[in-house]
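Every position in the sequence shown, counted from 1, becomes a number in our numbering once 244 is added.
No residue lacks a Cβ here, since even glycine has one placed at the ideal position from N, Cα and C.
Note that this is a predicted model, so its numbers are computed, not measured.
What follows is one structure encoded as structure tokens, with my remarks underneath.
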Amino acid sequence: MDGSDSALRAAEWAAREAVLRQWPMLLLTVLPADLPPGGEAAVRRRGEEVLHAAERAVNRHGPIPVVRSELRRGTAAQQLVAESAAAGLVVVGSRGLGESGAELDFGSTAEAAIALAACPVAVVREPSGTRPSGGVVVGVDSAGVADSALRWALHEADLRGTSLLAVHTWREVAAEDWNELTPTMPPGERESIAHRLLAERLAGIDERFPDVEIRRSVEHDRPVRALLAHAEHAELLVIGSRGHSGLTGMLLGSTSRALAHCAPCPLLVVRPT
Numbered sequence: 245m246d247g248s249d250s251a252l253r254a255a256e257w258a259a260r261e262a263v264l265r266q267w268p269m270l271l272l273t274v275l276p277a278d279l280p281p282g283g284e285a286a287v288r289r290r291g292e293e294v295l296h297a298a299e300r301a302v303n304r305h306g307p308i309p310v311v312r313s314e315l316r317r318g319t320a321a322q323q324l325v326a327e328s329a330a331a332g333l334v335v336v337g338s339r340g341l342g343e344s345g346a347e348l349d350f351g352s353t354a355e356a357a358i359a360l361a362a363c364p365v366a367v368v369r370e371p372s373g374t375r376p377s378g379g380v381v382v383g384v385d386s387a388g389v390a391d392s393a394l395r396w397a398l399h400e401a402d403l404r405g406t407s408l409l410a411v412h413t414w415r416e417v418a419a420e421d422w423n424e425l426t427p428t429m430p431p432g433e434r435e436s437i438a439h440r441l442l443a444e445r446l447a448g449i450d451e452r453f454p455d456v457e458i459r460r461s462v463e464h465d466r467p468v469r470a471l472l473a474h475a476e477h478a479e480l481l482v483i484g485s486r487g488h489s490g491l492t493g494m495l496l497g498s499t500s501r502a503l504a505h506c507a508p509c510p511l512l513v514v515r516p517t
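Shown next, in the form of structure tokens:
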């Protein structure tokens, strides 16, 4: 919690998640390690004010088993990454306060959390309470690491009592990527492979959540563009944290970063387990 509107929206989103899962919640405000002489008392008072405002906000969202708030020293990124080792979920805002006090788009704390946290990370960027009830969207790659994101997405859809849309993209091999070892395929074969891959990823994994309606979308498009289009009407977008290059590239680090910058709904980034 840094006092920004973005951080407060993230705390409110985290509170709703804590209510759904009946998880305890920790609010963190991190003070600089190198405070100027004589300035610590004022900075600490400001940090306490930020935490008290966040506590009031999150308690409006229903019964949370435990809400703790702490002031710490260091950097927010360091503290969040340290807490992630024992946490179920880290939630950050997509914007942070710069030295001038102005909000900066996609703060360094969010970027570091996505890159280094040991648990899933949610990046919240929209004003609380304004999202449509368009279900959960998950990006599915052909790599096995997508399974963790898919399981989380199913659980999120089940908690919310909403549907899940599984999106898989495919593209023809670009001319600059073609060489004599590139396999030639008849027209339509790559699309058929994409449909089979998505079916394989979904096979059996939905049995744990029989009440969740699962829809499928196989698209000839770039992953970021396809997912952003679906995210316009989604409650939550879920992706894996890494993947592979080649046919689909759905879970590349660049995809995660692009979506964290641009997704119009909360983004949940899940590491493979």
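- Annotated three-state conformation of R300 is helix, per DSSP.
- In the three-state scheme derived from DSSP, where H, G and I count as helix and E and B as strand, V336 is classed as strand.
- Membership of L446 in the alpha helix (DSSP H) is indicated by the continuous run E433 to L446.
- Remark: C-beta atoms of V263 and P364 do not approach each other more closely than 8 Å.
- Straight through space, the alpha carbons of E457 and A504 are spaced by roughly 26 Å.
- The three-state reading of DSSP puts G318 in coil, since its state is none of H, G, I, E or B.
- Bridge pairing for I483: V513 [DSSP].
- Apart from sequence neighbours up to five positions away, the residues of its chain that approach S407 with a beta-carbon distance below 8 Å are G379, V380, A401, V456, E457, I458 and R459, ordered along the chain.
- The shortest C-alpha to C-alpha distance from L275 to any of A286, L409 and V310 is the one to A286.
- Bridge pairing for H464: W414 [DSSP].
- Beta-bridge analysis with DSSP links L270 to R312.
- Between the alpha carbons of A362 and A255 lies a distance of about 20 Å.
- Residue pairing by DSSP places V367 opposite V336 and L511 in a beta bridge.
- The residue among R452, A443 and A297 with its C-alpha nearest the C-alpha of W396 is R452.
- For the pair of segments examined, the segment 467-483 was found not to touch the segment 434-449: the number of CB pairs separated by less than 8 Å stays below three.
- Scanning H399, R469 and C509 for the CA closest to the CA of R415 turns up R469.
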